[in-house]
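A.B. asks: Structure incoming, see below.
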Amino acid sequence: MQLLCDIRASPFYSLLIDESTDRTIKKHLIIYILYVSNAGKGPTRCVFIELLSVENGNAKSIFDIVSKFLQDNMLDICKLISIATDGASVMVGHKTGVLARFQEATPHIMGVHCIAHRQALAAKDGFVTHPHVYAFVDKVANKVYSWLGKSSKRHDELWKIMTEYDIVDMRALQIHSVRWLSRGQVMERLVNIMPAILKQWQCSEKKWYKNITFFLVQFMIHFLADVLKELNKLNMEFQKHEMDVTTIGAMLDLTIEKLKRRYIDVDTHNFGLNSPCLSSFLKMAKESMLSYEDVNGNLHKHALRFESIPIDVKIGSLQECIFMAKIYVKNILDALDRRFEDLSMYNAFKIFSPSSYPSNIVDRERMTYEWRSRIINPLNVDSHMIDIHKCMNEREDFVGMLCRVAEHKGMHDAWKVCMDKKSWWDSYPEMMRIWQMALVIPASTSACERGFSRQNFIKSTSRSSLALDTLDALMLISIDARGLHAIDWKNVFDI
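Numbering (the UniProt record's numbering), first residue to last: 1 to 495.
Encoded structure:
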């Protein structure tokens with residue numbers, strides 16, 4: 001298989017692995033590989049390789065499966081730089097996890113915890129304080145989904161009311177414990193259809209109308225819609241197919257700065273300023289009412305209830321809501337700081353990103369020296385891979401030339417300028433090899449998530465009996481997308 005030949009020719013590569021079940025509850029391990037094409041002198045590629053059956057999901061079984069995969073495909077484990085996972089304990093357990101088992105024999109292998117999963121976990125950490133409050137808000141939000149259900153009558157009634165308010169978005173989502181940050185999408189959509197839900201429940205669901213008009217519930221729905229929208233935006237950036245890892249820190253900083261400015265470094269009067277949904281709600285709530293105007297100019301009002309929600313002793317005042325909201329945001333900020341402790345390594349890769357260089361020559365020299373030093377330790381570079389002394393000597397001229405030939409370019413674009421230039425390999429061989437290593441260190445396992453989505457699309461309820469070999473082949477054709485000329489049609493027709 002040509003793809004495996006290309007991977008074997010790469011000087012370094014990384015594995016992206018994840019475990020999941022298909023529609024028939026069969027466990028599978030999906031494997032992607034990130035490598036440098038053209039024998040290390042081409043652009044990076046992240047490719048689906050194989051879907052493997054998992055009989056037992058424990059660490060030893062997965063380790064044995066991956067080890068056999070490497071041996072069967074003649075992939076040199078000495079070239080394996082890192083293994084990226086979703087951070088599950090079976091994968092990253094300190095003593096007996098899959099990663100630890102690989103590191104026992106090959107210490108230079110680095111573990112990468114998917115940044116998209118980490119960020120989603122940080123968002124979840126926000127709910128640690130006052131969990132009963134958020135559970136009640138979730139209950140109300142999910143009631144909208146379950147209440148509509150498959151009732152065509154209720155859908156028709158809601159559609160009619162939404163037309164009166166000129167609301168286009170008809171969908172109601174369910175909060176999903178597996179899907180990343182689904183709660184944010186639910187809250188945002190709930191805010192959009194709120195006028196119609198309130199009017200419909202006012203007539204037909206007295207109990208739930210009471211629950212959804214609690215001031216605390218409305219405050220949290222609008223607050224979470226805004227906060228989780230920002231976290232969703234960040235998560236989508238982290239899930240991009242080809243992301244520049246040197247921008248991770250900047251994207252995190254932007255999100256943190258925005259959350260602090262809106263919710264932390266403000267007094268009660270300015271809380272939520274420039275927070276679209278929450279600021280609009282607080283403006284309405286000044287009169288203790290939710291007021292919505294229909295297409296005919298008629299105003300529909302719903303009184304807010306400043307009472308404690310069930311199983312809570314708090315009154316649910318504005319001050320109490322702001323207090324809880326601030327704690328929620330602080331929890332998230334603390335979790336982001338805690339879960340991204342390896343950020344300095346990704347920032348250090350800026351040595352290969354001229355767009356990140358300081359304009360001042362002295363500052364550039366100082367920063368690139370620091371970045372080079374910060375790269376060596378996390379990569380666990382040993383003498384058979386890189387000559388550290390030569391690397392130190394090459395750094396100054398390498399940076400000076402890169403700044404000139406790839407000015408304002410990021411790490412991947414700068415690589416495309418230099419990757420096949422003989423003069424660069426002759427002058428800076430060690431820096432170029434470290435660059436290759438940096439390029440194959442993945443930031444996330446979102447490719448695996450997309451692969452499992454494709455698996456469930458192919459192995460549908462009407463095609464649930466597909467054999468693993470057939471499913472694997474169909475996924476390779478579907479995902480790889482190399483073009484008709486690159487497909488071995490004999491193998492396809494042999495399936």
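Just so it is clear, CB atoms sit at the ideal spot from N, CA and C, and this is done for glycine as well.
If you count every other CB in all the chains shown that lies within 10 Å of the CB of glycine 297, and 16 or more means buried, which is it?
C.D. replies: Position 297 of the sequence shown, counted from the first residue, corresponds to residue 297. Exposed is the call here.
A.B. asks: By DSSP, does histidine 302 sit in helix, in strand, or in coil?
C.D. replies: Here the question's residue 302 lines up with position 302 in the sequence shown. Strand, per DSSP.
A.B. asks: Considering only DSSP beta bridges, list what glutamate 407 is partnered with.
C.D. replies: Residue numbering aside, residue 407 sits at position 407 when the sequence shown is read from its first letter. In the DSSP output, where bridge partners are listed per residue, glutamate 407 has none listed.
A.B. asks: Suppose you measure from the CA of residue 541 to the CA of arginine 101; what does that come to, to the nearest Å?
C.D. replies: For residue 541 there is no data in the structure shown, the boundaries of the chain being 1 and 495.
A.B. asks: By how many angstroms is the C-alpha of isoleucine 115 removed from the C-alpha of valine 178?
C.D. replies: Along the sequence shown, read from residue 1 onward, the residue named residue 178 stands at position 178. Along the sequence shown, read from residue 1 onward, the residue named residue 115 stands at position 115. Residue confidence is low: valine 178 scores 44 on pLDDT, short of 50, so the model does not pin down where it sits. Its coordinate-derived value is still stated next. Roughly 16 Å separates the two Cα atoms.
A.B. asks: Output needed for residue 497: all residues of its chain with C-beta closer than 6 Å, excluding positions within five of it in sequence on either side, in chain order.
C.D. replies: The chain is shown from 1 up to 495; residue 497 falls before or after that span and cannot be answered.
A.B. asks: Return helix, strand or coil for threonine 24, following the three-state DSSP convention.
C.D. replies: Locating residue 24 in the sequence shown gives position 24, counting from the first residue. Three-state result, threonine 24: coil.
A.B. asks: Whole angstroms are fine: how far does the CA of glutamate 257 sit from the CA of serine 317?
C.D. replies: In the sequence shown, residue 317 corresponds to position 317, counting from 1. In the sequence shown, residue 257 corresponds to position 257, counting from 1. Answer to the nearest angstrom: the Cα atoms are 27 Å apart.
A.B. asks: Assign asparagine 270 to one of two classes, buried (16 or more other C-beta atoms within 10 Å of its C-beta) or exposed (fewer than that).
C.D. replies: By 1-based counting over the sequence shown, the position of residue 270 is 270. When all chains shown are included, asparagine 270 counts as exposed.
A.B. asks: Using the rule of at least 16 other Cβ atoms within 10 Å of the residue's Cβ for burial, across every protein chain shown, is glutamine 185 buried or exposed?
C.D. replies: Position 185 of the sequence shown, counted from the first residue, corresponds to residue 185. When all chains shown are included, glutamine 185 counts as buried.
A.B. asks: Hey, out of Asp226, Lys210, Trp435, Asp334, whose CA is closest to residue 497's CA?
C.D. replies: Within the shown structure, residues of the chain are numbered from 1 to 495, placing residue 497 beyond reach of any answer.
A.B. asks: Would you mind stating whether arginine 339 and arginine 118 have Cβ atoms separated by less than 8 Å?
C.D. replies: Locating residue 339 in the sequence shown gives position 339, counting from the first residue. Locating residue 118 in the sequence shown gives position 118, counting from the first residue. Yes, Cβ-Cβ distance for arginine 339 and arginine 118 is below 8 Å.
A.B. asks: Name the one or two DSSP bridge partners that aspartate 18 has.
C.D. replies: For the purposes of this step, residue 18 is taken as residue 18 along the sequence shown, with counting starting at 1. Paired residue(s): Ile30.
A.B. asks: Beta-carbon separation of leucine 471 and lysine 459 under 8 Å?
C.D. replies: For this step, residue 471 is matched to residue 471 along the sequence shown. For this step, residue 459 is matched to residue 459 along the sequence shown. It is a contact, given that the beta carbons lie within the stated cut-off.
A.B. asks: Straight-line CA distance for methionine 194 to valine 405?
C.D. replies: Here residue 194 is taken as the residue at index 194 of the sequence shown, counted from 1. Here residue 405 is taken as the residue at index 405 of the sequence shown, counted from 1. Approximately 55 Å between the Cα atoms of the pair.
A.B. asks: Please classify arginine 46: does DSSP put it in a helix, a strand, or coil?
C.D. replies: Locating residue 46 in the sequence shown gives position 46, counting from the first residue. Per the sequence shown, the amino acid found at residue 46 is cysteine instead of arginine. Looking at cysteine 46 - three-state DSSP - the assignment turns out to be strand.
A.B. asks: Confirm, please, whether the CB-CB distance from valine 399 to aspartate 409 is below 8 Å.
C.D. replies: Working through the sequence shown from its first residue, we reach residue 409 at position 409. Working through the sequence shown from its first residue, we reach residue 399 at position 399. The residue you asked about is not aspartate; residue 409 is lysine in the sequence shown. Against a cut-off of 8 Å, the Cβ pair of valine 399 and lysine 409 comes out as no contact.
A.B. asks: Tell me the DSSP bridge mates of histidine 113?
C.D. replies: Here residue 113 is taken as the residue at index 113 of the sequence shown, counted from 1. Per DSSP, Thr85.
A.B. asks: For my contact list, valine 191 and alanine 135 are in at a C-beta cut-off of 8 Å; report their separation, rounded to the angstrom.
C.D. replies: Within the sequence shown, numbered from 1, the residue matching residue 191 stands at position 191. Within the sequence shown, numbered from 1, the residue matching residue 135 stands at position 135. The pair is not a contact, with the Cβ atoms about 19 Å apart (cut-off 8 Å).
A.B. asks: Between isoleucine 264 and valine 329, is the Cβ-Cβ spacing less than 8 Å?
C.D. replies: Sequence index remark: in the sequence shown, residue 264 carries index 264 (1-based). Sequence index remark: in the sequence shown, residue 329 carries index 329 (1-based). Against a cut-off of 8 Å, the Cβ pair of valine 329 and isoleucine 264 comes out as a contact.
A.B. asks: Taking the continuous beta strand (DSSP E) assigned at tyrosine 292, which residues delimit it?
C.D. replies: Position 292 of the sequence shown, counted from the first residue, corresponds to residue 292. First-last of the beta strand (DSSP E) with tyrosine 292: 289 to 293.
A.B. asks: Per DSSP, which residues does serine 53 bridge with? Please list them.
C.D. replies: Sequence index remark: in the sequence shown, residue 53 carries index 53 (1-based). In the DSSP output, where bridge partners are listed per residue, serine 53 has His28.
A.B. asks: Residues bridged to tyrosine 13 by DSSP?
C.D. replies: Residue mapping note: residue 13 aligns to position 13 of the sequence shown, counting from 1. Note: tyrosine 13 sits in a beta bridge opposite Tyr35, Leu80.
A.B. asks: Taking the alpha-carbon of methionine 236 as reference, which of Glu365, Ile7, Glu50, Thr255 has the nearest alpha-carbon?
C.D. replies: One-based indexing of the sequence shown puts residue 236 at position 236. Comparing Cα-Cα distances from methionine 236 to each of Glu365, Ile7, Glu50, Thr255, the minimum goes to Thr255.
A.B. asks: May I ask which residues mark the beginning and end of the alpha helix (DSSP H) holding aspartate 488?
C.D. replies: Translated into positions along the sequence shown, residue 488 becomes position 488. Careful: aspartate 488 lies outside any alpha helix (DSSP H) and carries neither H nor E.
A.B. asks: Kindly provide the ranges of any alpha helix (DSSP H) runs that are 4 or more residues long and lie completely inside the segment 212 to 262, ordered along the chain.
C.D. replies: Correct list: 215 to 238, 248 to 259.
A.B. asks: Give a yes or no on whether the C-beta atoms belonging to aspartate 372 and isoleucine 386 are separated by under 8 Å.
C.D. replies: Counting from 1 along the sequence shown, the entry for residue 372 is found at position 372. Counting from 1 along the sequence shown, the entry for residue 386 is found at position 386. Note on identity: in this sequence residue 372 is arginine, with aspartate being the wrong assignment. Cβ atoms of arginine 372 and isoleucine 386: not closer than 8 Å.
A.B. asks: Report back the beta-carbon spacing between leucine 343 and glycine 249 to the nearest angstrom; my notes put them in contact at under 8 Å.
C.D. replies: Taking the sequence shown and counting its residues from 1, one reaches residue 343 at position 343. Taking the sequence shown and counting its residues from 1, one reaches residue 249 at position 249. About 5 Å; that satisfies the 8 Å criterion.
A.B. asks: On the premise that phenylalanine 238 lies in contact with alanine 473, defined as a C-beta separation below 8 Å, what is that separation, rounded to the nearest angstrom?
C.D. replies: By 1-based counting over the sequence shown, the position of residue 473 is 473. By 1-based counting over the sequence shown, the position of residue 238 is 238. Wrong, their Cβ atoms sit about 30 Å apart, outside the cutoff.
A.B. asks: In angstroms with no decimal places, state the Cα-to-Cα distance between methionine 187 and methionine 401.
C.D. replies: Position 187 of the sequence shown, counting from 1, holds the residue named residue 187. Position 401 of the sequence shown, counting from 1, holds the residue named residue 401. Whole-angstrom Cα-Cα distance: 50 Å.
A.B. asks: Determine the direct distance from the alpha carbon of asparagine 377 to that of residue 518, and round the result to whole angstroms.
C.D. replies: Nothing can be reported for residue 518: it is not among the residues displayed for the chain, which extend from 1 to 495.
A.B. asks: Using DSSP with H/G/I as helix, E/B as strand and the rest coil, what is proline 195?
C.D. replies: Here residue 195 refers to the residue found at position 195 when the sequence shown is read from its first residue. If DSSP states are grouped into helix, strand and coil, proline 195 belongs with the helices.
A.B. asks: Look at the alpha carbon of leucine 333 and the alpha carbon of valine 98, and state the distance between them as a whole number of angstroms.
C.D. replies: Locating residue 333 in the sequence shown gives position 333, counting from the first residue. Locating residue 98 in the sequence shown gives position 98, counting from the first residue. For leucine 333 and valine 98, the distance between alpha carbons rounds to 30 Å.
A.B. asks: Using 8 Å as the limit for Cβ to Cβ distance, is aspartate 22 near chain B?
C.D. replies: In the displayed structure, chain B is absent; only one protein chain is listed.
A.B. asks: With distance defined between alpha-carbon atoms, name the residue in Trp208, Lys41, Glu55 nearest to tyrosine 145.
C.D. replies: Position 145 of the sequence shown, counted from the first residue, corresponds to residue 145. The residue with the shortest Cα to Cα distance from tyrosine 145 is Trp208.
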